[in-house]
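For reference, the structure discussed in these notes is given below.
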Amino acid sequence: TGQAVSIRRETGAIAGAVEAPFSCMEQVEEMLRVGHDRKRFAATEMNERSSRSHTALVIHVLQKLNGEKLQKLSELGPSSLCGALRNGATGGGGDRMLRSQLHLVDLAGSERVKKSKVEGIRLREAVGINSSLMVLGKVISGLVEGKSHVPYYESKLTTLLKAAFGGNSRTTVVINCRADAEHGDETLQSMRFGERCAMISNSMRVAASSFSTALEAVNKALSTVQGQLSSLEARNKQHLPSYKALLHSFQQLDRKRRELLEINAGQVATSLEDAVAMKMSGNQADEEMEP
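Spelled out as structure tokens, the structure:
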């Protein structure tokens, strides 16, 4: 709309933004083009075409899932099935409606006022951009370090993106950097920001539909955490709170994996005992029937 928007804390819904239905990708691309045309740019000492705000395109997808599709969804992982069962409403014929969201966000770059030399309204824009990015950094640090309070609601940006961190979501962060030596400090800070983002681990909240699915999910999570630990160890970062938090997560996942294997082994043993008992009972019945 080109006007100020607000974000509802309870749902993360955007009030004051344009909402439009679509049935094909061409309509989505057109909406993206319209939004891009409304973005504000200005020339600074650092960038001839500097974005003066963050940009977000939120796509709401509604899918009807029958029993077969739900089974296929469960095979993709526990988080996928969780979204269907938690957010879906039963439709006609026992089908379920799966509601999903896709956030496409273009973050404006952090700006050093001494370098950009902005004044007036451009200075106020820079302060707003830097403030929201600072809160985003605090949110990511809070998640990585496992803090009990994460300041999602300190900015509109982090309120909007709350659902994208942790839980049943998948998030990809692309860091754009310049190779010029004069921007080395900004590039280093951007890379460190990306490194912290990569340390966020999503949590599994729903039991898988089978032993193999559950074990696969745990093994995948273990592999991810192990890679993050190895990355920190290679740079002698074992003293960081994030390393300790990751190590704790690894130990919990490893314990969960052992529990799954023990439960499965117990079930297999019980099944074998039942089979042997049935076989023996069958043999006894055969003997009693002999003339």
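Just so we're on the same page, my numbering is the position in the sequence shown counted from 1, plus 773. Cβ coordinates follow ideal geometry from the N, Cα and C atoms, glycine included.
query                                                                                                                    : result
Neighbourhood of Leu1026 by C-beta distance below 8 Å, restricted to the same chain and skipping five residues each side : Val991, Ala994, Leu995, Val998
Which listed residue (Asn1009, Ala952, Ser904, His922) has its alpha carbon closest to that of Lys929                    : Ser904
Ala788 beta carbon less than 8 Å from that of Val778                                                                     : yes
Lys1017 versus Thr931: straight-line alpha-carbon distance, rounded                                                      : 25 Å
Contact under 8 Å by Cβ, Gln836 with Leu871                                                                              : yes
Leu1020 to Glu1035 span [Cα, whole Å]                                                                                    : 23 Å
Residue span of the alpha helix (DSSP H) that contains Val912, given as start and end                                    : 893 to 917
Span separating the alpha-carbon of Val831 from that of Leu909                                                           : 18 Å
Closest residue to Ala1038 among Ser1015, Leu988, Ser1003 (Cα-Cα distance)                                               : Leu988
Burial state of Val807, where buried means 16 or more other Cβ atoms lie within 10 Å                                     : exposed
Nearest to Leu875 (by Cα), restricted to the options Gly882, Arg1008, Leu934                                             : Leu934
N-terminal and C-terminal residue of the alpha helix (DSSP H) that Cys970 is part of                                     : 957 to 971
Ala790 to Phe1023 span [Cα, whole Å]                                                                                     : 41 Å
Same chain only: Cβ atoms within 7 Å of Arg969, ignoring 5 sequence neighbours per side                                  : Ile913, Ser914, Val917
Spatial distance of Val923 from Phe938 (CA atoms)                                                                        : 11 Å
Three-state class that DSSP yields for Ser824 in the structure shown                                                     : strand
Gln800, enclosing alpha helix (DSSP H) - first and last residue                                                          : 798 to 810
Inter-residue spacing [alpha-carbon to alpha-carbon] between Ser906 and Ser883                                           : Correcting the residue identity first, residue 906 is Leu in this sequence and not Ser. Taking the straight line joining both Cα atoms gives about 7 Å.
Nearest-angstrom Cα separation, counted from Met964 out to Ser955                                                        : As written in the sequence, residue 955 is Glu, which differs from the Ser given in the question. Each residue's Cα considered, the two are about 16 Å apart.
Neighbourhood of Ile780 by C-beta distance below 8 Å, restricted to the same chain and skipping five residues each side  : Ala786, Ile787, Ala788, Lys929, Thr932, Leu933
Cross-strand partners of Arg781 (DSSP beta bridge)                                                                       : According to DSSP, Arg781 bridges with nothing at all.
Distance between Ala971 and His1012 (C-alpha atoms, nearest Å)                                                           : 18 Å
Glu902 burial status per 10 Å Cβ neighbour count (16 or more: buried)                                                    : Before going further, note that residue 902 is Ile rather than Glu in the sequence given. Label assigned to Ile902: buried.
Contact belief for Ile948 with Gly967 at Cβ below 8 Å, rounded distance in angstroms                                     : 4 Å
Exposed unless 16 or more other CB atoms sit within 10 angstroms - verdict on Val900                                     : exposed
Per-residue DSSP class, three states only, for Lys920                                                                    : coil
Opening and closing residue of the alpha helix (DSSP H) in which Thr931 lies                                             : 929 to 933
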